[in-house]
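First comes the structure, then the notes that go with it.
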Amino acid sequence: MLLQEFTNKLKTEICQNINNAFSDVEDISPDAIQFSAPPNSDMGDYAIACFPFAKALKKAPVAIATDIAANFTPSSLVSKMQAVGPYINVFINKTLFSEVVCRTVMKEEKDYGRGEKKNKTVMIEYSSPNTNKPLHLGHLRNNILGMAIANILDFYGYEVIKVNLVNDRGIHICKSMLAYEKWGNGETPESCGEKGDHFVGKYYVLFDNKLEEEKQQCAKDQKIDLEKLATEIGDLKKQVRNCKDAAQKKELRKKLKDTEKSVEDFNNDFLSNSKLYGDALAMLKKWENNDAEVRALWKKMNAWVMDGFHETYGKLGCEFDKFYFESDTFSLGKKHVEEGAQKGVFAKHDDNSIWVSGESLKKQDSKTFKKFSPKDKLLLRADGTSVYITQDIGTTILKHKDKELDQCLFVVGEEQELHFKTLFSILGILDFSWWEKCRHISYGMVNLPEGKLKSRKGTRVDADELVKEMEQRVVDIITANEKIDIEEDQIANVAEDIALAALKLFLLNISREKALLFDPHKAISSDSGDSAGKSGAIAFTGDTGPYIQYGYARICGIFRNANATATTEVDYAILHSKEEQAVLQKVADFPQAVANAAENDSPHFITTYLLDLTKLLFKFYGVHQVISDDEETKQARLLLCKVVAQVIHNGMKLLGMNVPERM
RNA sequence: AGGGGAGUAGCUCAAUCGGAUAGAGCAACGGUUUUCUAAACCGUAGGUUGUGGGUUCGAGUCCCGCCUUCCCUGCCA
1 MLLQEFTNKL KTEICQNINN AFSDVEDISP DAIQFSAPPN SDMGDYAIAC FPFAKALKKA
61 PVAIATDIAA NFTPSSLVSK MQAVGPYINV FINKTLFSEV VCRTVMKEEK DYGRGEKKNK
121 TVMIEYSSPN TNKPLHLGHL RNNILGMAIA NILDFYGYEV IKVNLVNDRG IHICKSMLAY
181 EKWGNGETPE SCGEKGDHFV GKYYVLFDNK LEEEKQQCAK DQKIDLEKLA TEIGDLKKQV
241 RNCKDAAQKK ELRKKLKDTE KSVEDFNNDF LSNSKLYGDA LAMLKKWENN DAEVRALWKK
301 MNAWVMDGFH ETYGKLGCEF DKFYFESDTF SLGKKHVEEG AQKGVFAKHD DNSIWVSGES
361 LKKQDSKTFK KFSPKDKLLL RADGTSVYIT QDIGTTILKH KDKELDQCLF VVGEEQELHF
421 KTLFSILGIL DFSWWEKCRH ISYGMVNLPE GKLKSRKGTR VDADELVKEM EQRVVDIITA
481 NEKIDIEEDQ IANVAEDIAL AALKLFLLNI SREKALLFDP HKAISSDSGD SAGKSGAIAF
541 TGDTGPYIQY GYARICGIFR NANATATTEV DYAILHSKEE QAVLQKVADF PQAVANAAEN
601 DSPHFITTYL LDLTKLLFKF YGVHQVISDD EETKQARLLL CKVVAQVIHN GMKLLGMNVP
661 ERM
């Protein structure tokens with residue numbers, strides 16, 4: 001008997017017991033049985049709350065529980081049912097349960113926890129980088145989350161297509177191109193030994209610095225003190241917040257708005273007169289007109305960046321079945337927008353720009369836009385050049401042309417929620433029946449103690465550097481600890497596995513939609529043993545990836561030392577202790593954790609599951625000796641360890657983490 | 001101003017469909033190594049779940065108000 005069958009049988013049996021106790025009313029179906037865990041394991045293996053039955057059975061929950069317990073007849077599965085208040089606590093046959101769990105895991109191995117084939121295809125877009133700068137911590141959250149969700153959906157039984165939409169076109173790309181052209185002196189990543197994405201990113205920052213210089217000069221010439229205005233705005237915001245008097249508040253608001261307007265006006269004025277920005281725009285125009293020289297530079301620099309990205313993806317274990325490039329898809333979007341204007345579902349203004357009205361967005365998706373009316377949205381500029389949403393229209397249409405999809409997912413940060421609501425509604429307006437199968441998988445921002453991550457300012461945490469630093473810390477820990485027995489040439493590999501697991505679990509272990517706080521100062525000095533280090537944002541002890549890996553490595557160590565293998569032909573009655581049963585219960589829960597993660601697009605169900613499992617493993621480990629003089633005991637416990645190792649392996653794989661055998 | 005999140009222990013976070021005494025980790029304090037790796041284990045302490053109402057057998061969870069905070073409301077991406 002396998003686990004699934006056991007659970008079904010258990011529910012049926014319990015159901016029969018309930019129905020026997022209440023023969024005069026309509027039967028309860030096994031699906032209505034909801035297992036939960038009693039507050040502690042002495043009270044039983046499963047708990048069933050009787051509140052939901054109260055209506056059908058026309059009795060108080062407490063009375064229902066007592067009646068069920070009174071009418072209970074023991075079976076091979078269930079040994080006891082005990083009423084405690086409105087709860088029924090179920091004691092199961094531990095020997096049988098242990099055997100069922102162990103045999104199931106040992107039989108299914110890598111497939112333990114796998115969901116049934118759904119015969120449905122899901123496309124998941126994630127990463128979606130801009131090719132003008134290297135990846136930072138915010139991108140890491142996206143990449144690691146996206147990859148984990150893709151793995152989980154695949155394991156749950158979907159056919160999953162992982163795609164990356166590369167934002168390789170637009171004014172931001174031209175900025176780094178222009179800076180390189182002006183100040184690059186023909187350098188290449190090779191010539192200065194830099195990773196391609198970092199190399200290009202340098203010029204993106206350079207452009208921004210030069211533009212800022214120009215702006216400061218311009219402000220000085222016009223005798224405008226931008227700094228003063230900024231502090232003024234800050235002060236006004238504070239005053240507005242603290243102001244109690246309504247009339248005064250209104251006045252302050254007006255003043256604030258005026259000040260903000262003056263800054264905005266200055267900025268707009270500056271940009272439209274800026275030589276540097278004008279050059280970038282001119283370059284964009286040239287790009288759109290297929291200027292050979294600009295296109296050649298664009299190709300060269302994009303290739304550098306993509307080389308760098310591929311290296312980082314390889315390191316992180318991010319994989320893609322297909323790359324879409326905005327430069328290939330924006331014209332398809334343009335075409336559909338123009339057709340929409342022709343059909344009359346979009347509005348063409350006198351200046352030839354094309355718009356979708358807020359009204360029609362609302363009409364198309366009245367559920368999403370129930371509580372507010374969106375503003376009209378520009379789809380194509382007057383000069384015919386496309387905006388951000390234009391290419392997404394094209395890309396999404398192309399995705400559905402390439403493959404018939406049952407779900408089309410976008411792993412993108414929460415700041416783009418309105419963008420995707422608008423996009424999906426537009427696709428509906430364009431009469432694509434699949435528009436409702438599109439879903440934005442939104443996730444929270446990554447923040448530093450000082451605020452937002454900003455690529456152009458100094459406040460960024462570079463992805464490559466972060467990983468490198470963490471690896472070095474692990475190497476230091478390994479070298480400092482004499483007890484760790486790893487071949488010299490393996491240290492780098494193991495350090496990489498551990499550093500990445502620490503990073504990934506840190507990013508995946510909080511709810512997807514929640515913002516994430518990262519304190520780099522605490523993270524970096526974490527191996528020196530000082531107290532500041534121990535509170536590090538990405539630690540290697542406690543609830544971490546390495547903790548789970550350590551549990552796995554310890555099990556490997558046991559098998560290695562005992563030169564043993566596991567067999568399912570053991571005396572399952574040995575595994576009766578509280579600790580052993582807790583572990584096996586947890587092992588049995590793995591398929592449910594996978595289902596929860598898949599159905600909510602939330603890997604954190606897996607991370608919390610694995611941490612719980614590992615804690616129970618160590619708890620067991622602390623109380624019971626695996627390699628014991630008694631051969632029967634040894635065999636049974638070895639099997640238990642083997643089963644746990646298998647589940648850790650399966651779960652960690654879903655999260656994109658390796659499990660080293662020594663650490 | 002409007003729309004959407006969030007607010008739980010000193011810090012970072014959990015908490016199945018609304019269910020039994022709100023849990024972990026870190027930080028603090030105390031203990032564990034001649035026994036399978038101390039990246040571990042055990043113990044102590046730490047809470048009016050932002051706030052005020054409501055719904056009911058029962059609310060961190062659902063509804064309404066308020067406070068705080070983040071995001072969005074670009075011819076940026």
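In terms of full-length UniProt numbering, the first sequence opens at residue 1 and continues consecutively.
All residues carry an ideal CB built from backbone N, CA and C; glycine is no exception.
Just so you know, these numbers come straight off a predicted model, no measurement behind them.
(request) Please look up how many angstroms separate the CB atoms of C50 and P38, rounded, as I've assumed it's under 8 angstroms. (result) At roughly 14 angstroms, the Cβ-Cβ gap does not stay under 8 angstroms, so C50 and P38 are not in contact.
(request) Could you work out which residue in L508, I555, E631 is closest to N143 when comparing CA atoms only? (result) L508
(message) If the criterion is Cβ atoms closer than 9 angstroms, does the pair V90 and M123 meet it?
(response) no
(message) Along the chain, where does the alpha helix (DSSP H) containing S425 start, and where does it finish?
(response) 417-429
(message) Given a cut-off of 9 angstroms on the beta-carbon distance, is the pair V647 and V205 in contact?
(response) no
(message) Using only CA atoms, which one of Q635, L503, W183 lies nearest to L140?
(response) L503
(message) F518 and L448 - do their beta-carbons sit closer together than 9 angstroms?
(response) yes
(message) Can you list, in chain order, the residues of its chain with a C-beta nearer than 8 angstroms to that of K454? Leave out the 5 residues immediately preceding and following it.
(response) R460
(request) Can you give me the start and stop residues for the alpha helix (DSSP H) that I484 sits inside? (result) No alpha helix (DSSP H) contains I484, which DSSP labels as neither H nor E.
(request) Verify whether the separation of the beta carbon atoms of Q34 and I48 is less than 9 angstroms. (result) yes
(request) Report the rounded CA-to-CA distance for E326 versus S274, giving the unit in angstroms. (result) 27 angstroms
(message) Helix, strand or coil for Q407? Go by DSSP, reduced to three states.
(response) strand
(request) Find out if the Cβ-Cβ distance for the pair Y609, G651 is shorter than 9 angstroms. (result) yes
(message) What would DSSP say about N17, mapped onto helix, strand or coil?
(response) helix
(message) Tell me the residue span of the beta strand (DSSP E) that contains T121.
(response) 121-125
(request) Could you spell out the range, first to last residue, of the alpha helix (DSSP H) harbouring F199? (result) 196-221
(message) For a test of the three-state rule: what should DSSP assign to D530, helix, strand or coil?
(response) Confidence is the limiting factor: at D530 the pLDDT is only 32, short of 50, which leaves the residue's position unreliable, though a coordinate-based value still follows. Of the three classes helix, strand and coil, the one that applies to D530 here is coil, per DSSP.
(request) Specify the secondary structure class of D462 as computed by DSSP and reduced to three states. (result) strand
(request) Can you grab the Cα-Cα spacing for the pair S433 / K348, in whole Å? (result) 24 angstroms
(request) Quick one: grab the DSSP three-state call for H440. (result) strand
(request) Report yes or no: do three or more beta-carbon pairs, one from the stretch 130-137 and one from the stretch 306-314, lie closer than 8 angstroms? (result) yes
(message) If you reduce the DSSP assignment to three classes, tell me which class N151 lands in.
(response) helix
(message) Going by DSSP in three states, Y46 sits in which element: helix, strand or coil?
(response) strand
(request) Reducing DSSP to helix, strand and coil, say where E99 ends up. (result) helix
(message) Assuming I354 is part of the alpha helix (DSSP H), what are its boundary residues?
(response) It is not in any alpha helix (DSSP H) - I354 instead sits in the beta strand (DSSP E) that spans 354-356.
(request) Taking L611 as part of the alpha helix (DSSP H), name the residues at either end of that continuous run. (result) 604-623
(request) Decide if the stretch 111-122 is in contact with the stretch 180-187; the criterion is three or more beta carbon pairs, one per stretch, under 8 angstroms apart. (result) no
(message) Quick check: what's the CA-CA separation for V84 versus T66?
(response) 8 angstroms
(request) Put E232 into one of helix, strand or coil per three-state DSSP. (result) helix
(request) Report the option in C641, K343, D543, T607 whose CA atom is closest to the CA atom of T567. (result) C641
(request) Please name the residue in D42, F22, G138, A56 whose C-alpha comes closest to that of I92. (result) D42
(request) Would you kindly check if the distance between the Cβ of G557 and the Cβ of R662 is under 9 angstroms? (result) yes
(request) Could you pull out every residue in the same chain whose Cβ sits closer than 7 angstroms to the Cβ of C218, ignoring the five residues on either side in sequence? (result) F270
(request) Can you give me the start and stop residues for the alpha helix (DSSP H) that E288 sits inside? (result) 275-288
(message) Which residue marks the beginning of the beta strand (DSSP E) containing Q490, and which one marks its end?
(response) Per DSSP, Q490 belongs to no beta strand (DSSP E) and is neither H nor E.
(message) Quick check on DSSP: helix, strand or coil for S360?
(response) helix
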